[in-house]
Amino acid sequence: MTSTDHRTPPIRQERHTVELGRTEALALLGQVSLGRVVFTQRALPAVRPVNHLLDGDEIVVRTHDSSALLGQARPHGAVVAYQADALDPVTHLGWSVVVTGYCRPVTGPADLARCARLLRPWPRLPGQVVDSAVRITPRLVSGVRLVEAG
Numbered sequence: 060m061t062s063t064d065h066r067t068p069p070i071r072q073e074r075h076t077v078e079l080g081r082t083e084a085l086a087l088l089g090q091v092s093l094g095r096v097v098f099t100q101r102a103l104p105a106v107r108p109v110n111h112l113l114d115g116d117e118i119v120v121r122t123h124d125s126s127a128l129l130g131q132a133r134p135h136g137a138v139v140a141y142q143a144d145a146l147d148p149v150t151h152l153g154w155s156v157v158v159t160g161y162c163r164p165v166t167g168p169a170d171l172a173r174c175a176r177l178l179r180p181w182p183r184l185p186g187q188v189v190d191s192a193v194r195i196t197p198r199l200v201s202g203v204r205l206v207e208a209g
């Protein structure tokens, strides 16, 4: 491989997956701050990278008032998926968690203020005010840990 070759080197050790239970999967989700939210936009799937906060068992994402995600969550909520992982690009070891649940806007002023204190939005466009948030209540939680066979 040359220094400009960006391909991953071949994996020599065999790997397998271990299914994670709900509690362990949510605990791992709480250890990372970035993930991807999947929702419907104009009748098609949309995926956005976002940062999150695990608040109890709920996932909180801050957003701006005109975001497509918030638009889908208003007024009655929407079904979404949330995925996060910690995978090593060289060894291909780590974990991945997928949550499917119900997304609702955070509406209470005290709850919104709490979310603003605990979670700094990412990324933000110049001049964009990020003063809204959504909560994803997990219904289905699945996860896998990728480990060396041994």
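Just so we're aligned: the sequence shown equals residues 60 to 209 in my numbering.
Virtual Cβ for every residue (Gly too), placed ideally from N, Cα, C.
By the neighbour-count criterion, in which a residue is buried when 16 or more other Cβ atoms sit within 10 angstroms of its Cβ, residue 103 is exposed.
A straight line joining the alpha-carbon of residue 125 with that of residue 209 spans about 50 Å. Here DSSP, grouped into helix, strand and coil, assigns residue 173 to helix. Going by DSSP, residue 130 is part of the alpha helix (DSSP H) stretching over 127-132. Note that the C-beta distance between residue 95 and residue 131 is not below 8 Å.
The C-alpha of residue 105 is placed about 16 Å away from the C-alpha of residue 136. Residue pairing for residue 102: DSSP places it in no beta bridge.
Rounded to whole angstroms, the Cβ separation of residue 144 and residue 156 is 7 Å, and the two are in contact under 8 Å. Counting only the Cα atoms, residue 101 lies some 19 Å from residue 164. In the structure shown, residue 208 adopts coil according to DSSP, grouped into three states. If you draw a straight line from the Cα of residue 150 to the Cα of residue 169, it is about 44 Å long.
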